[in-house]
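Chains as they are written, first to last, in the numbering used here: chain A, 1 to 414; chain B, 415 to 692.
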């Protein structure tokens, strides 16, 4: 039977092709994850230097009795600098001193100030503090001190010498970089964090969720359950399907023209960002909700109508609850897409340098993908790992949302 | 009038001769259809149907597939309103009130005319909720005790109480097919309708479950007017007092079940009940 042999061979061939396709896509994914995690994990680790800061009264210029205002007025910069100088016994010139100060991070004086303000009893003592090192020291410390990385570093030979001395003195450690999760954008990589962008994303997604839930689900329910099938609804349907395929930057332009230009809403605000994202998400939510509603068995509608339920009762007591898992999945997938969207936010000005997290919907805000975009553009080498780190944070959020969608669906399908 | 030209009229005279006491001409029919035409997007599905349905008895609608018997059934409680492009003309009355009158609220109408479908379709909720839903939305019971009573009474009448009384909170979809269909009947009678329409209620059930439903229909006819569409002539013969035969969208003949199955007056009816067509 030659036909049978051919058929078996054909099936085998198809099976292998399918496996090859999966292998290719999985290897791309693996490559992507390995490279992002490999680059990004460094963003979660920072280097700290231990310095002994002289906080005696004459040194910081305070009387025995001092007010919190006096304490805030102390020059912590010079305190940090003199502590740095005591680490190196040599006599240094002006230029060399500046190189030495370059080892400690630009934010170190603020760290010190925050600690001292929280613990005023430290005044009058000489205390050791672990303060964040500069991004160059951080990179050099994390690079594993290979020959190649030593050539790439921006540290001078003298600085490397000091670094080695501090290292052997156990004054340099790596620690978890909380600043990356709690700080906001900064020009200095060692103090830059994603918190501000996370808050902006959270606000924008909240607005987007509210709008697309109400408008999208109601539109889908109306079109599917109430509207008559005629030319007009067909026209609407075609337009909604087309909108789902419109490039997202177009929605940004629309938001710029209407929300900012016509209604005069504030630029860069997460409110407008959320509205623009909602415009972009709506078609997705409407289409997936309609599919979910269509999937509800007609016999359920007949049962409800047959017992004398009105249309609204039929829809909201029986059809929508049954379609809910599908509707929720659609909403969450739409939200996940909105979370990763950059282009429309660029158009409405959510691409500015925002050093403080927004506290309300109308304040200028950034968003996670925009932060990635901004950092990827930064010249400092240390921002490369921050960029990958921010992508990791974004991926974790997307993963959590998808997990949430799965859990919700499991729960409602019972 | 048009009514006199149909097959129905002489046969009604026929039947009244058999049971002169109850089938008196002065007893108004529960449901009266006159000159009913239904078309789906312009295609005629049933043509000029005139049929009187007696109160508190079982009327079976039989006929080959596509003959319009289900279409006619769905006209009575206006379920055809839900089908896009379906147009109903003619006149159907329930207790002398026009079912298609402009002042009729379909919600109220469908409370009075319950329906049981071909495929058992309980709501994917608990057994209790399935029965309680109707009385609740129609405001027939608001207190928990009243509702419990209605649920129990309906389940007892549907012959399901003993099987489910210990698991009223269990999902209805966990019942067997026959139990689900009896639950659907319980759901229909929970709102105290006058009429129950049944659209091939046993077509998805095995013979034992079918027998139980048929017994149930026999019990229910003392309280309700039942119109049942069925494919099975044996079933029609077993459960119905009167039988109407539909063919190609027309009501060919309506008479006592006995006469339809033994001595029909129309040649097409004879051919169908003897198995030569259909």
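Don't be surprised by glycine CBs; every beta carbon is placed ideally from N, CA and C.
- Residue 67 of chain A carries a coil assignment under DSSP once its states are collapsed to helix, strand and coil.
- Within the stretch 653-670 of chain B, no residue places its CB atom closer than 8 Å to a CB of chain A.
- Note on geometry: alpha-carbon atoms of residue 669 of chain B and residue 576 of chain B lie some 37 Å from one another.
- By the CB criterion at 9 Å, residue 274 of chain A and residue 361 of chain A fall inside the cutoff.
- For residue 474 of chain B, the nearest beta carbon of chain A is not closer than 9 Å to its own beta carbon.
- Beta-bridge partners assigned by DSSP to residue 127 of chain A: A/53.
- In terms of Cα proximity to residue 213 of chain A, the closest of A/278, A/345 and A/267 is A/278.
- Residue 305 of chain A has a beta carbon lying within less than 9 Å of a beta carbon in chain B.
- Using beta-carbon distances, residue 606 of chain B does not count as an interface residue toward chain A, since no partner is under 9 Å.
- Bounds of the alpha helix (DSSP H) holding residue 683 of chain B are 681-687.
- Think of a sphere of 8 Å around the beta carbon of residue 322 of chain A: the chain B residues whose beta carbon falls inside it are 538, in chain order.
- The shortest C-alpha to C-alpha distance from residue 44 of chain A to any of A/179, A/262 and A/260 is the one to A/179.
- Taking every protein chain shown into account, the CB of residue 141 of chain A has 16 or more other CB atoms within 10 angstroms, so this residue is buried.
- When rounded, the separation of the alpha-carbon atoms in residue 479 of chain B and residue 321 of chain A is 35 Å.
- Residue 233 of chain A: member of the alpha helix (DSSP H) spanning 231-244, first to last residue.
- Boundaries of the alpha helix (DSSP H) harbouring residue 562 of chain B: 558-571, taken from the DSSP string.
- For the 9 Å CB-CB criterion, residue 568 of chain B and residue 603 of chain B form a contact.
- In the same chain as residue 674 of chain B, and ignoring 5 residues on each side of it, the C-beta atoms closer than 6 Å to its own belong to 657, in chain order.
- Within chain B, the residues 535, 537 and 538 have their CB atoms less than 8 Å from the CB of residue 300 of chain A, given in chain order.
- The contact set of residue 498 of chain B on chain A, defined by CB atoms closer than 9 Å, consists of 228 and 229 in chain order.
- Assigned with DSSP and collapsed to three states, residue 489 of chain B falls in helix.
- With at least 16 other beta carbons inside 10 angstroms of its own, residue 385 of chain A counts as buried.
- Under a criterion of Cβ atoms nearer than 8 Å, the residues of chain A adjacent to residue 531 of chain B are, in order, 299, 302, 303 and 306.
- Distance from residue 60 of chain A to residue 79 of chain A at the Cβ level is roughly 6 Å; contact confirmed, criterion being Cβ atoms closer than 8 Å.
- Residue range 195-211 is occupied by the alpha helix (DSSP H) that includes residue 208 of chain A.
- Distance from residue 159 of chain A to residue 99 of chain A at the Cβ level is roughly 6 Å; contact confirmed, criterion being Cβ atoms closer than 8 Å.
- Chain-ordered, the chain B residues with CB closer than 7 Å to the CB of residue 313 of chain A read 551.
- Look at residue 309 of chain A: its C-beta is under 9 Å from a C-beta on chain B.
- Straight through space, the alpha carbons of residue 502 of chain B and residue 230 of chain A are spaced by roughly 20 Å.
- Following the DSSP letters along the chain, one finds residue 660 of chain B inside the beta strand (DSSP E) bounded by residues 656-661.
- With the criterion set as a beta carbon lying under 8 Å from some beta carbon of chain A, the members of the stretch 487-513 of chain B are 491, 493, 496 and 498, in sequence order.
- The three-state reading of DSSP puts residue 371 of chain A in helix, counting H, G and I together.
- The C-beta distance from residue 249 of chain A to residue 343 of chain A rounds to 4 Å, short enough to meet the 8 Å contact threshold.
- Annotation: Cβ neighbours of residue 528 of chain B in chain A (cutoff 9 Å, chain order): 306, 307 and 308.
- Between residue 607 of chain B and residue 526 of chain B, the C-beta gap is smaller than 9 Å, which places the two residues in contact.
- Apart from sequence neighbours up to five positions away, the residues of its chain that approach residue 186 of chain A with a beta-carbon distance below 7 Å are 192 and 355, ordered along the chain.
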